[in-house]
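Visitor:
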Amino acid sequence: MNTVTVSASKQYEIRIGSGLLSSLGSAIRSLAAPKTVCLVSESTVFPLYGEAAKKSLENAGFRVVSFVFPAGEESKNGATFLELLNFLAQNQLTRSDWIVALGGGVVGDLAGFAAATYLRGIPFVQVPTTLLAAVDSSVGGKTAIDLPAGKNLAGAFYQPSLVLCDTDVLSSLPEDVFRDGCAEVIKYAILYDAAMFSSLEQTELDFDREQIITRCVQLKRDVVIVDEFDTGARMKLNLGHTVGHGIEAKSQFSLSHGKAVAMGTAIVTRAAAAMGMCPEADCRRIVSLLQQFGLPVATEYSASDLFTYALSDKKRSGGSVNLILPHAIGDCAIVPTPVQQLESWIQAGL
Ligand code: GLY
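Count along the sequence shown from 1, add 10, and you get the number used in the numbering used here.
#1: Starting from residue 260, trace the alpha helix (DSSP H) in both directions and tell me its first and last residue.
#2: Run the proximity test for residue 147: is its beta-carbon closer than 7 Å to any non-hydrogen atom belonging to the ligand GLY?
#3: Is there at least one non-hydrogen atom of the ligand GLY closer than 7 Å to the beta-carbon of residue 190?
#4: Would you list the one or two residues that DSSP bridges to residue 332?
#5: Could you tell me the boundaries of the alpha helix (DSSP H) in which residue 69 lies?
#6: Beta strand (DSSP E) containing residue 48: first to last residue?
#7: Would you list, in sequence order, the uninterrupted alpha helix (DSSP H) runs of no fewer than 4 residues that lie entirely inside the segment 231 to 301?
#8: May I ask whether a heavy atom of the ligand GLY can be found less than 7 Å away from the beta carbon of residue 25?
#9: How many angstroms separate the CA atom of residue 312 from the CA atom of residue 14?
#10: In the structure shown, what three-state DSSP assignment does residue 224 receive?
#11: Below 8 Å between beta carbons: does that hold for residue 172 and residue 135?
#12: Answer with buried or exposed for residue 341, where buried requires no fewer than 16 other C-beta atoms within 10 angstroms of its C-beta.
#13: Applying the criterion that 16 or more other CB atoms from any shown protein chain within 10 Å of the CB defines a buried residue, is residue 184 buried or exposed?
#14: Rounding to the nearest angstrom, what Cα-Cα distance links residue 314 and residue 51 in this structure?
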C-alpha cells in the first residue's frame, strides 16, 4: 500500500493498494466515531461492491444506510442532490456522522457536494472505483452537480477526510471505462512528468496500477496544496477540458468525459503546434500516446459548435478563457486567450 498525505484546508491521507475496501470501516474508526455512515453509490457499482463496503462498515460498529441512484452523468443533477439531502435528514444523520462515496466521478462529486452542504458540512470518504476517479476527481476536494446550462456549474471546494483507493476494484472495470481514466493519467504526464510519459509509451493498459495511480495522486497533491481553490496553478489540470467539456456537452453526454478530454487534449496540442508554441515532434508523441491507449483524437463537431459550449466553461474570466497549452511534454502553460480568438484556436487544432 502507498500513502500520500494532502495538507490543504484539511489534512488527509490517500491510501492506494490492493484489498483496501475491506479496511474501510476500521479506517474510519481510526479517525472518528460516527454512529451512522451513509453509503452513497450508483446502480452499477453498488451490486458489485456495496455489500463488501457495508460489511466492513458494520463490522466496525457503524449503522449503515445506503443511498443508491441510477448510474450515469444524467443523475448528477439538482433533483438527485436534493433527494440525497432529504435522505440524510430522514435518516437523522448529524454533524458527527459520515458519508462514504463509493463509485466513480459522478458519485464522488454528488456525495461530496451533499457532504459539503448538509448541516453546513459533514465528513466524507472517497472510495473511487474508476481509474479516472482514482487519479483525479477523488483527490483535491472539488465537488459539484451539473446544471442544465453546463457541467459542474454548482459545487463547493470541500476536502474529503480520507481517500481509499482499492486497486483490485479497478479490475472489474469495462476496458472502455478504464481507457477513459487513461486520458487523465496521460494528462498528468503531459503536464508534469516527461519520464512518466516515456514509461507509458512503453506500456499498454497493463501498467503497474499502484505505481501510476500513486504518481498521479502525488502530482495532483503537489498542485492542490499550492492552489486549493483553483485560482492559479491548479487550472493546468484543465488541460484538454475546456474543449473536452464542449465536446461532452455537444454530444449530450453520450461521449464519456475521458474520451472528450482526450479529443480536447489532442485539439489544443495541435493548435499549440500550429501556432509555433509546441514542437511538432512533441505534438506527434502526445497524439500517438492517446491513440496507443485507444482514445479518440478528433471530433466531428465544428469549431463554432465547440466555441459556443466552451463559453460556459468555469475557467472563463471576463472576456478571456484560460487555455492550457503544451509547450513540451512535461511542460504546459496557462494562456489567457480572448474569447474572440477561441474559435480560431479550436479551428487550428481540429
Ligand atoms: N479535476 C481538476 C481539478 O481537480 O482541479
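Where a beta carbon is used, it is the ideal one built from N, C-alpha and C, also for glycine.
Just so it is clear, the structure is predicted and the values come from calculations on it, not from any experiment.
Guide: Taking the structure as given:
#1: 251 to 260
#2: For the ligand GLY, at least one heavy atom lies less than 7 Å from the Cβ of residue 147.
#3: Every heavy atom of the ligand GLY is 7 Å or more from the Cβ of residue 190, so no.
#4: 346
#5: 61 to 69
#6: Counting along the chain, the unbroken beta strand (DSSP E) around residue 48 starts and ends at 46 to 52.
#7: Fully enclosed alpha helix (DSSP H) runs of 4 or longer: 251 to 260, 267 to 284.
#8: Look at residue 25: its beta carbon is at least 7 Å from all of the heavy atoms in the ligand GLY.
#9: 42 Å
#10: helix
#11: Their beta carbons are under 8 Å apart, which means residue 172 touches residue 135 by this criterion.
#12: exposed
#13: exposed
#14: 37 Å
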